[in-house]
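Below you'll find the structure, written out as structure tokens, and then a few comments.
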Amino acid sequence: MTLGTGVSRITGFVRTAVLASVLGLTAKTMADAFNLSNITPNIVYDLILGGVLSSLFIPVFVEYLQTKDEEEAWYVANSIFNITLVVLTVVAVALCIAAPYVIKAQTFLAHGRSQMEAQATFLLRFFIFEVIFYGFCAIYAGILNSYKHFTIPAFAPIANNVVVIVTVIIYNFYPNEYVLAVGGTLGVVAMAMIQLPWVRRTGFRYRLVFDLKHPAVRKLGRLAVPVLAYVLINQIGLWVVNILAAQVQGGISAYQYGYIFFQLPYGIVAVSIITALFPT
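212 is the number that this note's numbering gives to position 206 of the sequence shown; each next residue is one higher, with no gaps.
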């Protein structure tokens with residue numbers, strides 16, 4: 007698992023280097039447009055369900071595996087999966103329509119950046135649908151980790167990184183916004199779908215159930231309140247950083263590139279240990 011996490015972080019670093027090389031930093035507006043529109047789905051996902059799924063799904067699912075029968079655990083997993091799908095789809099469609107306002111909420115202090123805002127709005131209308139597949143990733147990884155299958159979730163982000171690297175290289179030769187928009191979105195789709203065959207091997211079979219009154223779903227809702235409060239505070243901080251960084255061309259990209267490098271040791275060592283210990 008540590009190997010997978012390490013390779014994932016290294017390919018993520020390579021992705022950042024390729025992005026910086028092709029899109030530039032201060033000479034082009036596309037760098038900030040890409041990075042702003044690319045991190046916005048992460049902010050939205052974390053605010054809506056990300057913190058809840060990543061921190062609470064595994065304990066609830068494992069509890070049902072250990073104290074109830076496996077069929078009941080799968081019923082719970084399918085209910086949470088379908089609720090996640092509906093909520094994130096509705097949010098994605100709404101924010102796709104409201105994309106100009108979502109971008110403007112992070113750039114309203116910036117002046118003379120209309121080209122970057124237009125590019126970011128275009129890209130966000132594609133990237134915002136990544137939130138749905140981030141939800142899939144969280145549930146798939148939660149199921150696999152609950153069964154102590156840590157390798158595939160650790161390696162899955164590599165698919166995203168590779169797709170984005172190839173996308174940016176293609177964009178270097180064919181500089182069209184659609185290349186970045188479609189390729190960037192497909193990276194997250196690949197990260198989710200690459201886990202599905204192994205999820206099915208655990209016994210997971212999709213069922214169309216939507217049980218908001220199930221005790222496990224209600225428990226998840228109760229536990230979500232403090233998690234959402236914590237996530238909200240973190241995302242407000244990131245929102246403020248984006249507002250300040252957007253005032254300078256290349257500011258958003260410089261912050262994102264630096265933050266990725268800063269997170270490299272934590273992502274390789276700490277994340278591997280926490281992920282392995284969490285299901286117990």
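We treat Cβ as the ideally placed atom computed from N, Cα and C, and that holds for glycine. Please read these numbers as outputs of a predicted model, since none were measured by experiment.
Short Cβ contact (9 Å threshold) for residue i with residue j
i    : j    : result
T22  : I266 : yes
L101 : L129 : no
Y263 : Q201 : no
G57  : A162 : no
A39  : E123 : yes
Same chain, Cβ closer than 7 Å to residue i, neighbours up to 5 away in sequence not counted
i    : result
L94  : I54, L55, V137, I138, G141
V233 : G57, V58, S61, L62
P261 : As written in the sequence, residue 261 is Tyr, which differs from the Pro given in the question. Excluding sequence neighbours, Y261 sits near V247, A251.
With 16 other Cβ atoms within 10 Å as the buried cut-off, status of residue i
i    : result
K74  : exposed
A276 : Caution applies to A276, whose pLDDT of 49 falls short of 50 and renders its modelled position unreliable; the value that the coordinates give is listed next. Counting Cβ neighbours within 10 Å, A276 comes out exposed, since fewer than 16 surround it.
Q125 : buried
L186 : buried
K34  : buried
Chain-order list of residues whose beta-carbon lies under 6 Å from that of residue i (same chain, five-residue window excluded)
i    : result
Y51  : V137, Y140
E183 : F128
V28  : V174, N178
I135 : Per the sequence shown, the amino acid found at residue 135 is Phe instead of Ile. For F135, where only same-chain residues beyond five positions count, the Cβ hits under 6 Å are A98.
Of the listed residues the options, nearest to residue i (C-alpha basis)
i    : options               : result
G193 : G209, D38, C143, P181 : C143
T208 : E76, Y177, I171, L244 : E76
F67  : P221, F268, S259      : P221
S14  : I175, T157, R131      : T157
R211 : E78, I64, G189        : E78
P203 : H155, G189, V237      : H155
For residue j and residue i, believed in contact at Cβ under 8 Å, the rounded distance
i    : j    : result
L226 : L71  : The Cβ separation is near 15 Å, so there is no contact.
N166 : M197 : 4 Å
V205 : I149 : 5 Å
L214 : N41  : That pair is no contact at about 38 Å.
T113 : R119 : 6 Å
S85  : D217 : 4 Å
T191 : F133 : 6 Å
Cut-off 8 Å between Cβ atoms - residues of its own chain near residue i, not counting five sequence neighbours on either side
i    : result
Q241 : I49, D52, L53
W80  : G209, F210, R211, R213
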